[in-house]
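**Student:**
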Amino acid sequence: MLQSLQILQVVLQFAVLMLVIIAVHLHSWAVIELEADTAVQQLTFAPDGYCVRLSNGSSECQPFLHAIIENSRQEDDWPNGVPDPLAMLPSPLTDSSNEDLLVTQALSCWCQTRGELTWYMQGAQNVACLVVLETVKYAMALWGFFATLSLGMSSMFFPRSFTGCHAFASFTSAFLGFLVTLAWWYYSSTYIDHDYLDELALSWRHGTSYHCALTALVLATANAQIAFDATAPVGSQKFTRRFIRPMSRGEQPDDWDPLSCPANYLV
């Protein structure tokens, strides 16, 4: 039984590590779909930057700092009474310039900085977006490290003295997975400019990387529960049996039945 649990832990931790690697490699946490007949088919957001996926199968990736620099180079000296043409819905894609404009404006939705904000408030908003994204990025790196550490400690050749260390690594791996998924959900629901995407007639969805992270979180949580139960001393009651009334080995369950006791005629 113990060896079967150890094998199950190895399988779970290997699956968690593979899912983390796939999530990082795919670079697809939030996806914006474009028209099928355009050169650019998808725009993807990830904790370390964005990618423009072309129809020929190639992709161009840049960090979000590049997007901030590009936005700062755009002229924004329009009079107050004249609407900003970059904040208006682009016309139907009839040439490459309109297509490039649509892609540029869709990429600018990675951080919500529109509205009547001063330049330093826009900068503060960009910093807030980057802080959340950096949190996801470094938590993802730590998750991969602790998943690898937990996988190494789950070998059946390690003595029982490593059980506590293995439980700590497994719990930390599950906690980091929870932090990654929660931080990205907070970023995608708070900082992505959904209103402007609606104006551009574009929609977004969670990508494959986010679903891989959610699956890895479930597996890491199950592995942490198994590792936690394995730290109990041999012969002790498990979590599901801790609240059962203790009974000595010599007792029988029927001994506590009042109808099975001999009659007391003195009463």
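Residue numbers (the working numbering): 119 to 385. Just so it is clear, CB atoms sit at the ideal spot from N, CA and C, and this is done for glycine as well.
1) Taking the DSSP output, what are the residues bridged to HIS324?
2) Once the 5 residues before and after GLY262 are set aside, which same chain residues still bring their CB inside 6 Å of it?
3) Taking only the alpha-carbon atoms, compute the straight-line gap between ARG171 and SER306 and give it to the nearest angstrom.
4) Taking DSSP as the reference, what is the three-state secondary structure of THR162?
5) So, under 8 Å CB-CB, LEU267 and ALA224 are touching, yes? Tell me the CB distance rounded to an integer number of Å.
6) Between PHE264 and TYR238, what straight-line distance do the alpha-carbon atoms span, to the nearest angstrom?
7) Do GLY295 and ALA148 have their CB atoms nearer than 8 Å?
8) Return the chain-ordered list of same chain residues with a C-beta closer than 6 Å to the C-beta of ILE140, the five sequence neighbours on each side being excluded.
9) Quick one: grab the DSSP three-state call for TYR168.
10) Check each candidate in ALA292, PHE289, THR222 and name the one with the smallest Cα separation from LEU318.
11) On the criterion of 16 or more Cβ atoms from any shown chain inside 10 Å, does THR231 qualify as buried, or is it exposed?
12) Start and end of the beta strand (DSSP E) containing CYS179?
13) Exposed or buried, which one is TYR168 when buried takes at least 16 other CB atoms within 10 Å?
14) Taking the alpha carbon of ILE187 as the point to measure from, which residue in GLY241, PRO165, TRP303 has its own alpha carbon closest?
15) Is VAL254 closer than 8 Å to VAL298 when the C-beta atoms are compared?
16) Which residue marks the beginning of the alpha helix (DSSP H) containing ASN174, and which one marks its end?
17) What are the uninterrupted segments assigned as beta strand (DSSP E) that are 3 or more residues long and contained completely in the region 238-304, given in chain order?
18) To the nearest angstrom, how far is the alpha carbon of VAL336 from that of VAL134?
19) Need the endpoints of the alpha helix (DSSP H) that LEU315 sits in, please.
20) For GLU178 and TRP228, what's the separation of their Cα atoms in angstroms?
21) So, is THR290 buried or exposed, given that buried needs 16 or more other C-beta atoms within 10 angstroms?
22) Measuring only the C-alpha atoms, how far is TYR309 from ASN216?
23) Of the residues LEU126, LEU144, PRO181, LEU220, which one's Cα is nearest the Cα of ALA157?
24) Could you check the C-alpha separation between GLU252 and GLN124 for me, to the nearest Å?
25) Tell me whether THR389 sits in a helix, a strand or coil according to DSSP, three-state version.
26) Are SER321 and LEU144 touching if we call contact CB-CB under 8 Å?
**Tutor:** Quick answer:
1) Along the sequence shown, one-based indexing puts residue 324 at 206. ALA148, per the DSSP bridge assignment.
2) Start at 1 with the first residue of the sequence shown, and residue 262 comes out as number 144. Same-chain partners within the cutoff: VAL138.
3) Taking the sequence shown and counting its residues from 1, one reaches residue 171 at position 53. Taking the sequence shown and counting its residues from 1, one reaches residue 306 at position 188. When rounded, the distance between both Cα atoms is 20 Å.
4) Residue mapping note: residue 162 aligns to position 44 of the sequence shown, counting from 1. Reduced to three states, the DSSP call for THR162 is strand.
5) In the sequence shown, the residue the question calls residue 267 occupies position 149. In the sequence shown, the residue the question calls residue 224 occupies position 106. No, LEU267 and ALA224 are not in contact; Cβ-Cβ is about 39 Å, not under 8 Å.
6) Counting from one through the sequence shown, the residue named residue 264 turns up at place 146. Counting from one through the sequence shown, the residue named residue 238 turns up at place 120. Roughly 38 Å between the two C-alpha positions.
7) As a first step, residue 295 must be located in the sequence shown, where it is residue number 177. As a first step, residue 148 must be located in the sequence shown, where it is residue number 30. Cβ distance not < 8 Å, so GLY295 and ALA148 don't count as in contact.
8) As a position in the sequence shown, residue 140 is number 22, starting the count at 1. So the list reads CYS330, once near-sequence residues are dropped.
9) By one-based count along the sequence shown, residue 168 stands at place 50. Residue state, collapsed to three classes: strand.
10) Locating residue 318 in the sequence shown gives position 200, where the first residue counts as 1. Taking only the C-alpha atoms, the option nearest LEU318 is THR222.
11) The residue given as residue 231 occupies position 113 in the sequence shown. It counts as buried.
12) Residue numbering aside, residue 179 sits at position 61 when the sequence shown is read from its first letter. Segment 177-180, the beta strand (DSSP E) holding CYS179.
13) In the sequence shown, counting from the first residue as 1, residue 168 sits at position 50. Looking at its Cβ environment, which holds 16 or more other Cβ atoms inside 10 Å, TYR168 is buried.
14) Numbered from its first residue, the sequence shown carries residue 187 at position 69. Ranking GLY241, PRO165, TRP303 by Cα distance to ILE187 puts GLY241 first.
15) Along the sequence shown, read from residue 1 onward, the residue named residue 298 stands at position 180. Along the sequence shown, read from residue 1 onward, the residue named residue 254 stands at position 136. Their beta carbons are under 8 Å apart, which means VAL298 touches VAL254 by this criterion.
16) Locating residue 174 in the sequence shown gives position 56, counting from the first residue. Per DSSP, ASN174 belongs to no alpha helix (DSSP H) and is neither H nor E.
17) none
18) Locating residue 336 in the sequence shown gives position 218, where the first residue counts as 1. Locating residue 134 in the sequence shown gives position 16, where the first residue counts as 1. Near 9 Å, if we compare the C-alpha coordinates of VAL134 and VAL336.
19) Here residue 315 corresponds to residue number 197 of the sequence shown, with the count starting at 1. Segment 312-317, the alpha helix (DSSP H) holding LEU315.
20) As a working note, residue 178 is residue 60 in the sequence shown. As a working note, residue 228 is residue 110 in the sequence shown. GLU178 and TRP228: Cα-Cα distance of roughly 16 Å.
21) Residue mapping note: residue 290 aligns to position 172 of the sequence shown, counting from 1. THR290 should be labelled buried.
22) One-based indexing of the sequence shown puts residue 309 at position 191. One-based indexing of the sequence shown puts residue 216 at position 98. If you take the alpha carbons of TYR309 and ASN216, they lie about 25 Å apart.
23) Here residue 157 refers to the residue found at position 39 when the sequence shown is read from its first residue. Ranking the options by Cα distance to ALA157, first place goes to LEU220.
24) Mapped onto the sequence shown, residue 252 falls at position 134. Mapped onto the sequence shown, residue 124 falls at position 6. Going from the Cα of GLU252 to the Cα of GLN124 covers about 35 Å.
25) Any question about residue 389 goes unanswered here, given that the chain covers just 119 to 385.
26) Position 203 of the sequence shown, counted from the start, is the residue given in the question as residue 321. Position 26 of the sequence shown, counted from the start, is the residue given in the question as residue 144. No; because the gap between Cβ atoms is not below 8 Å, this pair is not in contact.
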